[in-house]
Structures are given as structure tokens and as C-alpha cells.
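The next block holds one structure in the form of C-alpha cells; read it before the comments.
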Amino acid sequence: MENLVDDCLFCKIIKGDVPSYTVFENDDVKAFLDISQVNPGHVLMIPKKHIVNLFDYTNEDAKKYLQYIPEIANAIKNAFPNVTGMNITTNNGEVAGQVVMHSHIHFIPRFEGDGLHLMTRNNADDYNEAKYTEVANKIKEQF
Ligand code: 5GP
Ligand code: ZN
Numbered sequence: 010m011e012n013l014v015d016d017c018l019f020c021k022i023i024k025g026d027v028p029s030y031t032v033f034e035n036d037d038v039k040a041f042l043d044i045s046q047v048n049p050g051h052v053l054m055i056p057k058k059h060i061v062n063l064f065d066y067t068n069e070d071a072k073k074y075l076q077y078i079p080e081i082a083n084a085i086k087n088a089f090p091n092v093t094g095m096n097i098t099t100n101n102g103e104v105a106g107q108v109v110m111h112s113h114i115h116f117i118p119r120f121e122g123d124g125l126h127l128m129t130r131n132n133a134d135d136y137n138e139a140k141y142t143e144v145a146n147k148i149k150e151q152f
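The opening residue of the sequence shown carries number 10 in the numbering used here; numbering runs sequentially from there.
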């Protein structure tokens, strides 16, 4: 298969050299159970091309690989009657918690009382209109 590298765990999973519990696969992507199962049904979706993380996606890559997110999310949700929500996340860069350097999207099914707490920090008290505007403008200027 083209665009895969030898020393990458997820490229090995794509090639079948490392086994995985595959739930969906086509020419573009593969989705399989995350070994850690943060909640039951925790799935990873990876592009069948070695791309390190979302910073390296072209718009074309995004259209090609990310189009499957809603379909996979719904399949997981429909598989478990108690799943009423889902965190769909991606860690980009070591500082953001990325451990495997082949782009992947986490699908973490959520159910009432699962006790998971993600992204709970709220700094709104430290912000005012000027500060929000300054931060927003810094980003806007990059497009
Ligand atoms: P990251 O921290 O890079 O966003 O996530 C990497 C994920 O890969 C982790 O959630 C971890 O549990 C998962 N993982 C690591 N090694 C394996 C493996 O060999 N097989 C599977 N299925 N998942 C793995
Ligand atoms: Zn890879």
C-alpha cells in the first residue's frame, strides 16, 4: 500500500501486520477499537495514508478522510442502547497528548453516569471583551 511507513504502529495496523478489532474499513480509512476502551465502544479512525496529525491535512485530505466521522459515530451510537452522546476528539502534537504519530480520531461513547470528565477548565472569569477580541483577531489574521 502506498503512503505508509515502516516504523509506524498505525501503518502496521493498516497493513494487518499488527492485529486490530476492525469495525469499518474502505479504501480511505480504517476504524478499529482503541486498546484502552476509555468507555465501551471507544473507536479510532485513521486515514490509510501516513499523515502525522491534522496540522498536515490539506483541504483535500480533510474532505477525503474526515467525511466518515458522522457515519462511524452513528454506527457506534446505534450499537449501544445506553449511548446518548459521544466525544469525538483528536490529539495533535505531544503537548496535546498525541502518543501515536499517525493521525487518528477518537470516538468516545458517552452514557449517563459514566463519570468521565473531559475539558472541565473554565477561565471565562479572567476574560473581558478586549481580551476575547485580541485572541480572536490573532487567529482571524492567519486565514
Ligand atoms: P493518542 O494519545 O495518540 O491520541 O492516542 C493513541 C491511542 O492509541 C491510545 O488511546 C491508545 O490506547 C491506542 N493504542 C496504542 N497502541 C495500540 C494498539 O496496539 N492497538 C490499538 N487498537 N490501540 C492502541
Ligand atoms: Zn502511519
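Ideal Cβ placement from N, Cα and C applies to all residues, glycine included.
- Message: Give me, in chain order, the residues of the same chain whose beta-carbon lies closer than 7 Å to that of Tyr66; leave out the 5 immediate sequence neighbours on both sides.
- Response: Ile60
- Query: By Cβ distance below 6 Å, which residues in the same chain neighbour Val14 in space, the five residues on each side in sequence not counted?
  - Reply: Cys20 and His59
- Just the C-alpha distance for Arg46 and Thr98, rounded to the nearest angstrom, thanks. Looking at the sequence itself, residue 46 is Gln, so the reference to Arg does not match. Cα to Cα, the separation comes out at about 14 Å.
- Run through the stretch 37-118 for me and flag every whole alpha helix (DSSP H) of 4 or more residues, listed as ranges in chain order. 68-75 and 78-88
- Is Thr31 helix, strand or coil when you go by DSSP? strand
- Do you know how far the Cα of Asn137 is from the Cα of Phe89? 42 Å
- Query: Should Val14 be listed as close to the ligand ZN, given that the test is whether its C-beta is under 8 Å from any heavy atom?
  - Reply: yes
- Message: On the criterion of 16 or more Cβ atoms from any shown chain inside 10 Å, does Leu53 qualify as buried, or is it exposed?
- Response: buried
- Look at Ser29 and Leu63 and say whether their C-beta atoms are less than 9 Å apart. no
- Message: Taking a contact to mean a Cβ-Cβ separation below 9 Å, would you say Phe116 touches Gly50 in this structure?
- Response: yes
- What's the C-alpha gap between Lys147 and Lys140? 11 Å
- Query: Just how far apart, CA to CA, sit Glu150 and Asn101?
  - Reply: 22 Å
- Message: Considering only heavy atoms of the ligand ZN, does any lie closer than 8 Å to the CB of Ile78?
- Response: no
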